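Below: the structure, in structure tokens.
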Amino acid sequence: MMFHPISLETWPRAETYRHFMEEVPCTYSICVNLDISRFLPAVRERGLRFFPAFLYGLSLTVNEHREFRMRLDEEGRLGYFDTVNPCYTVFHPEQECFSDVWTEFEPDFSAFYRRYLADMEKYGGKTASKSMGEGNTFDVSCIPWTSFTGFNLNLPKGYGYFAPIFTVGKYFEEAGKTKLPLATQVHHAVCDGFHVSRLLNELQEWLDYFQS
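Here the sequence shown stands for residues 619 to 830, numbered as in my numbering.
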């Protein structure tokens, strides 16, 4: 895992970055209903668990694009990681609370799936979160009890937080299709609507043609 600083003197996006960092600090969220009509039965036919299979597809798509791997380092320098890992919530029903677990991303589906299962075996039953790595994570939460058409997180210090935040809802049936709500929250300084749209379109394509 490497962090690569970006020079604002040569970065084509520098003016936009400064605008949304200094003049109009801005985060935004987009919520869509992904079509999982093909993905869900494919997962079931293979005897796989839904969430880690979906988490792989999301992680694969996130890692395809630098905009979603950009962060500020400890010195406040802008840069990007070679790879980012999903950090996801685990609900504990008895305590009605959750903890965080992260899994190292692996481009090979089977290897990532095994890593997820191993992490859940080791940390899933603990209310204390798995110790974080070196800042190269992005956030994924799941609200499997309800569907939604909008979702927004208000972070008091969020204007320096560049990691994308994804929230997954309860899937539902609509017009013969199975839909999955997904909210995506990003920082406008590093990520525009174009970038989010591209990510969501690529994720949808991956879901349509999923093969483990």
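For every residue, glycine included, the Cβ atom is placed at its ideal position computed from N, Cα and C. Please read all numbers here as calculations on a predicted model, not as lab measurements.
> Does the distance from the C-beta atom of Ser647 to that of Ala801 stay below 9 Å?
Replying inline: Here residue 647 refers to the residue found at position 29 when the sequence shown is read from its first residue. Here residue 801 refers to the residue found at position 183 when the sequence shown is read from its first residue. Yes, these two residues count as a Cβ contact at 9 Å.
> For the putative contact between Val680 and Phe790, defined by C-beta atoms under 8 Å, what is the C-beta separation to the nearest angstrom?
Replying inline: Translated into the one-based positions of the sequence shown, residue 680 becomes position 62. Translated into the one-based positions of the sequence shown, residue 790 becomes position 172. Not a contact, Cβ separation roughly 24 Å.
> So, are the CB atoms of Lys797 and Ser765 less than 9 Å apart?
Replying inline: For the purposes of this step, residue 797 is taken as the residue at position 179 of the sequence shown. For the purposes of this step, residue 765 is taken as the residue at position 147 of the sequence shown. Taking the C-beta atoms as reference points, Ser765 is found nearer than 9 Å to Lys797.
>> Helix, strand or coil for Glu791? Go by DSSP, reduced to three states.
In response: Position 173 of the sequence shown, counted from the first residue, corresponds to residue 791. The answer is strand: DSSP assigns Glu791 an E or B state.
> Which partner residues does Ile681 have in the DSSP bridge list?
Replying inline: On the sequence shown, position 63 is the one that residue 681 refers to. Note that residue 681 is Asn in the sequence shown, not Ile. Asn681 pairs with nothing; no bridge assigned.
> If we call anything under 9 Å between Cβ atoms a contact, is Leu771 one with Gln803?
Replying inline: On the sequence shown, residue 771 is found 153 positions in, with the first residue counted as 1. On the sequence shown, residue 803 is found 185 positions in, with the first residue counted as 1. A contact, by the Cβ cut-off of 9 Å.
>> Can you check which of these residues, Pro725, Tyr731 and Tyr706, is closest to Gly742 by C-alpha distance?
In response: Position 124 of the sequence shown, counted from the first residue, corresponds to residue 742. Gly742 has its Cα closest to that of Tyr706, out of Pro725, Tyr731 and Tyr706.
> Can the beta-carbon of Asp700 be found less than 9 Å from the beta-carbon of Trp720?
Replying inline: Looking up residue 700 in the sequence shown gives position 82. Looking up residue 720 in the sequence shown gives position 102. In this structure, Trp720 does not lie closer than 9 Å to Asp700 by Cβ.
>> Just to check my reading of the structure: His813 and His637 have Cβ atoms closer than 8 Å, yes? What is that Cβ distance to the nearest angstrom?
In response: As a working note, residue 813 is residue 195 in the sequence shown. As a working note, residue 637 is residue 19 in the sequence shown. Going by Cβ atoms, the distance from His813 to His637 rounds to 16 Å, so no, they are not a contact pair.
> Once you ignore the five residues that flank Glu820 on each side, which residues in its own chain have a CB closer than 6 Å to its CB?
Replying inline: Taking the first residue of the sequence shown as 1, we reach residue 820 at position 202. Here Glu820 has Thr679 as same chain residues with Cβ atoms under 6 Å from its own Cβ, once five neighbours each way along the sequence are excluded.
> For Ala746, which option in Glu640, Leu666 and His710 has the closest C-alpha, if you only look at C-alpha atoms?
Replying inline: Counted from its first residue, the sequence shown places residue 746 at position 128. If we check each option's Cα against that of Ala746, His710 comes out closest.
>> Quick check on the DSSP output: what are the complete beta strand (DSSP E) runs of length 3 or more inside the region 672-750, in order along the chain?
In response: The region 672-750 contains, as complete beta strand (DSSP E) runs of 3+ residues, the segments 688-690, 696-699, 703-710 and 715-720 (chain order).
>> Report the CB separation of Arg656 from Asp826 in whole angstroms; it is logged as a contact under 8 Å.
In response: For this step, residue 656 is matched to residue 38 along the sequence shown. For this step, residue 826 is matched to residue 208 along the sequence shown. Indeed they touch by this definition, with Cβ atoms about 5 Å apart.
>> What would DSSP say about Pro659, mapped onto helix, strand or coil?
In response: Position 41 of the sequence shown, counted from the start, is the residue given in the question as residue 659. It is helical.
>> Helix, strand or coil, according to DSSP, for Tyr827 in the structure here?
In response: Taking the sequence shown and counting its residues from 1, one reaches residue 827 at position 209. Here Tyr827 sits in coil by DSSP.
> Expressed to the nearest angstrom, what Euclidean distance is found between the alpha-carbon atoms of Val571 and Asn754?
Replying inline: Because the chain is modelled from 619 through 830, residue 571 falls outside the range shown and cannot be assessed.
> Can you list, in chain order, the residues of its chain whose CB lies under 7 Å from that of Gly778, leaving out five sequence neighbours each side?
Replying inline: One-based indexing of the sequence shown puts residue 778 at position 160. Leu690, listed in sequence order.
>> I need the DSSP call for Tyr646, collapsed to helix, strand or coil.
In response: Counting from one through the sequence shown, the residue named residue 646 turns up at place 28. Secondary structure at Tyr646: strand, using DSSP grouped into helix, strand and coil.
> Rounded to a whole number of angstroms, what is the C-alpha to C-alpha distance between Asp653 and Leu817?
Replying inline: Numbered from 1 along the sequence shown, position 35 holds the residue referred to as residue 653. Numbered from 1 along the sequence shown, position 199 holds the residue referred to as residue 817. Approximately 15 Å between the Cα atoms of the pair.
>> Nearest by alpha-carbon distance to Phe723: which of Tyr734, Ala660 and Pro762 is it?
In response: Locating residue 723 in the sequence shown gives position 105, where the first residue counts as 1. For the residues Tyr734, Ala660 and Pro762, the minimum Cα distance to Phe723 belongs to Tyr734.
> To the nearest angstrom, how far is it from the Cα of Ile761 to the Cα of Phe784?
Replying inline: Taking the first residue of the sequence shown as 1, we reach residue 761 at position 143. Taking the first residue of the sequence shown as 1, we reach residue 784 at position 166. If you take the alpha carbons of Ile761 and Phe784, they lie about 11 Å apart.
> Hey, Val661 and Pro799: beta-carbon distance below 9 Å or not?
Replying inline: Taking the sequence shown and counting its residues from 1, one reaches residue 661 at position 43. Taking the sequence shown and counting its residues from 1, one reaches residue 799 at position 181. The answer is no: Cβ separation not under 9 Å.
> How long is the line joining the alpha carbons of Lys795 and Glu714, rounded to whole angstroms?
Replying inline: Indexing the sequence shown from 1 puts residue 795 at position 177. Indexing the sequence shown from 1 puts residue 714 at position 96. When rounded, the distance between both Cα atoms is 32 Å.
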